[in-house]
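Q: Take this structure, written in structure tokens, and hold onto it; I'll ask about it next.
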RNA sequence: CGGGAUGUGGCGCAGUUGGUAGCGCACCUGCUUUGGGAGCAGGGGGUCGCACGUUCAAAUCGUGUCAUCCCGACCA
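Residue numbers (the working numbering): 692 to 1274.
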């Protein structure tokens, strides 16, 4: 492909709307353009890369026996009413009417359509198992699309759906898909891990998320290197500290009164945050139990964790059995505690429904808390004696350095991006939509289903996030838009042009997908552009080539330039690099 | 949907106490250049997001609205 006849609107400067490195590069390198919030055009370069990524996914899906099809992006709302997800999806489901005034929606996912399809066309257990997949658009009217393709409203997904006669069959189909995912992400060169997603979903569903580790991931993952435990920060637990520092201190005292210390008020003028009070009293933050007042749909609740910890609001929601949760407004806190913000403690609270404490708080006897009084804190506060917790649960966020609850290894916390999600659905959709087949005994049974997604656009952007540097995109050859670039440094020079044309023609004849920069621009611009758009190998033809009769092949990943005395050895090397790319 | 920020030529930005818009890059023409975002000369392009208002006069002040981005809530 000649650069001059292709379409690569590259940008010299960072676009102001992008904040993520990969988002900036997608725009700068001319891979995508935003049309509207969360809605993107794939430009020719981005599309080429996307197609190569899709092909890798296809190969691995096909080799596990999945069959590709394509379902409609526009779907009748009736089907969604039938499954009940019309309401579940709420505003994320974009609805509209056709000219007949019938209701339609843009597909946010395809369980309904695929279940309906199989229901109408698969009648016997002999046709099972069956796994269908597609790679195409989904639309979710996200509240806040962001970070380019990472969270878009319209996005490309690979989604697969397995149909089996029973649970054992489902397990087998699920295993195959998991294996396909492992192969796909290994081929892409990612550092990834499957983690169990939220357990105890309706109907005993089981699902795992495929997480790729990246500094800029939106999700946080807790990992134990020793036993391999991995879970999302909202699910992960850690071994709880059995004793607080104060308790250890008092246990060492000989006086009985010291071992059973009473609540004692401390004067803490203007010291509100745990940091401030800890510094003022010269004690460790771990001696504190902080009390936070939350507002929920069923009234106000108090939650307590150790002073050196953060509350995990998802865990708290689950523990308290509420759906909505947010920190109470200042005036509510003052009304409930009778003190300004920063001095809340767990006793004498007005109009409070519930006190939820972290299990670590319950594990120890003596805490420093707020006194519910301006400029005062309370020491030696004992759960059960000085206040009554209603619920004791794990409501703290795991922190790096915590001990693993399983093997007592040290936990680390890493950022990650969710690129895939595999799910055992069971009979959830087949039963709702009454999708049945006949088993060996001639009895009608519901299909046992699984579903398996990969965010394809998001994967492309993650590849760029991981494989790029300051000079531009550094994609592996398996997904780079072109395999090789030929750059003519002076398109006005006849000799240089002749050599460039010849190399371009020869490589193309070898079946190599080459971009040939034949533009009549200055050398610097062309070299910068080629680096930016992410071509792994480039052959530079300039004066040096003509003068010294030396052909240069540059490998982008390593920065190494190899030189060759004749074209045959250049081509041989090019062929080798593409056959066994290190990248 | 709450909080914050920004909207001025294709891109990135400046524009003072209100006086009718400018810079860099890009673009077009010509010449010279061509191994890491070239030089000289000439040129085109903006009803300053939109609407209403204040004013003799609005990019500038006020109100509203829309769009984009960030934080939060949300996310098979």
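Where is the CB? At the ideal position from N, CA and C, for every residue including glycine. In this text the structure is predicted, and so the values were computed from the model without any measurement.
1. For the alpha helix (DSSP H) containing residue 993, list its first residue and its last residue.
2. From residue 728 to residue 701, what does the alpha carbon distance come to, in whole angstroms?
3. Quick one: what does DSSP say residue 973 is sitting in, helix, strand or coil?
4. Which residue or residues does DSSP assign as beta-bridge partners of residue 1140?
5. Looking at the secondary structure, which residues open and close the beta strand (DSSP E) in which residue 1243 lies?
6. Between the Cα of residue 1014 and those of 1035, 1038, 989, spot the shortest distance and give me the residue it belongs to.
7. Whole angstroms is fine: what's the gap from residue 1141's alpha carbon to residue 780's?
8. Need the endpoints of the alpha helix (DSSP H) that residue 825 sits in, please.
9. The beta strand (DSSP E) spanning residue 1232 covers which residue range?
10. Would you mind sorting residue 787 into buried or exposed? The rule is 16 or more other CB atoms within 10 Å of its CB.
11. Please identify the residue among 852, 836, 817 whose C-alpha is closest to the C-alpha of residue 824.
12. Can at least three beta-carbon pairs, one atom from the region 725 to 744 and one from the region 835 to 845, be found at a separation below 8 Å?
13. Within a Cβ cutoff of 8 Å, which residues of the same chain sit near residue 741, ignoring the five residues on either side of it in sequence?
14. Looking at residue 1232 and residue 1154, is the spacing between their C-beta atoms short of 8 Å?
15. Go through the region 1013 to 1075 residue by residue and report every complete run of the alpha helix (DSSP H) that reaches 4 residues or more, in order.
16. Whose CA, out of 1005, 1122, 1117, lies closest to the CA of residue 863?
17. Count the C-beta pairs between the region 978 to 985 and the region 993 to 1004 that are closer than 8 Å, then say yes if the count reaches three, no if not.
18. Who are the near neighbours of residue 969 in its chain, counting only those whose CB is closer than 6 Å to its CB and skipping five residues on each side?
19. Could you give the residue range of the beta strand (DSSP E) that holds residue 1175?
20. Write down every uninterrupted run of the alpha helix (DSSP H) in the region 750 to 801 whose length is 4 residues or greater and which is fully enclosed by it, in chain order.
21. For residue 722 versus residue 736, is the C-beta spacing smaller than 8 Å?
22. Between residue 709 and residue 715, is the Cβ-Cβ spacing less than 8 Å?
23. Taking contact to mean 3 or more Cβ pairs, one atom from each stretch, closer than 8 Å, check whether the region 1090 to 1100 and the region 768 to 776 are in contact.
24. Alpha carbon to alpha carbon, how far is residue 1166 from residue 1086?
25. May I have the straight-line CA-CA distance separating residue 923 from residue 1058, to the nearest angstrom?
26. Assess, as a yes-or-no matter, whether the region 1187 to 1195 is touched by the region 1203 to 1214 under the definition of 3 or more beta carbon pairs within less than 8 Å.
27. State whether the region 1044 to 1057 contacts the region 1067 to 1086, with contact taken as three or more CB pairs (one from each stretch) at a distance under 8 Å.
28. With 16 other CB atoms within 10 Å as the buried threshold, where does residue 1010 fall?
29. Counting beta carbon pairs with one atom in the region 1024 to 1035 and one in the region 1055 to 1074, are three or more of them shorter than 8 Å?
30. Cβ of residue 806 within 8 Å of Cβ of residue 1124?
31. Using only the alpha-carbon positions, how far apart do residue 952 and residue 966 sit?
32. Are there three or more Cβ pairs, one per stretch, closer than 8 Å when the region 1219 to 1227 is compared with the region 1169 to 1184?
33. In or out: residue 1277 buried (at least 16 other Cβ within 10 Å) or exposed?
34. Any idea if residue 1172 is buried or exposed, counting beta-carbon neighbours within 10 angstroms, 16 or more meaning buried?
35. Answer yes if the region 897 to 907 comes into contact with the region 878 to 889, meaning at least three C-beta pairs across the two stretches below 8 Å, and no otherwise.
36. I need the straight-line Cα distance from residue 1230 to residue 1257, nearest angstrom please.
A: So, from the data block:
1. Note, residue 993: premise wrong, no alpha helix (DSSP H); beta strand (DSSP E) at 990 to 997.
2. 21 Å
3. coil
4. 854, 1117
5. 1242 to 1246
6. 989
7. 20 Å
8. Taken as a continuous stretch (DSSP letters only), residue 825 belongs to no alpha helix (DSSP H), being part of the beta strand (DSSP E) at 821 to 830.
9. 1228 to 1232
10. exposed
11. 852
12. yes
13. 733, 847, 1147, 1148, 1151
14. no
15. 1021 to 1028, 1050 to 1054
16. 1117
17. yes
18. 976
19. 1175 to 1179
20. 768 to 774, 776 to 780
21. yes
22. yes
23. no
24. 41 Å
25. 29 Å
26. yes
27. yes
28. buried
29. yes
30. yes
31. 24 Å
32. yes
33. Lying outside 692 to 1274, the shown extent of the chain, residue 1277 is not represented and no answer is given.
34. buried
35. yes
36. 13 Å
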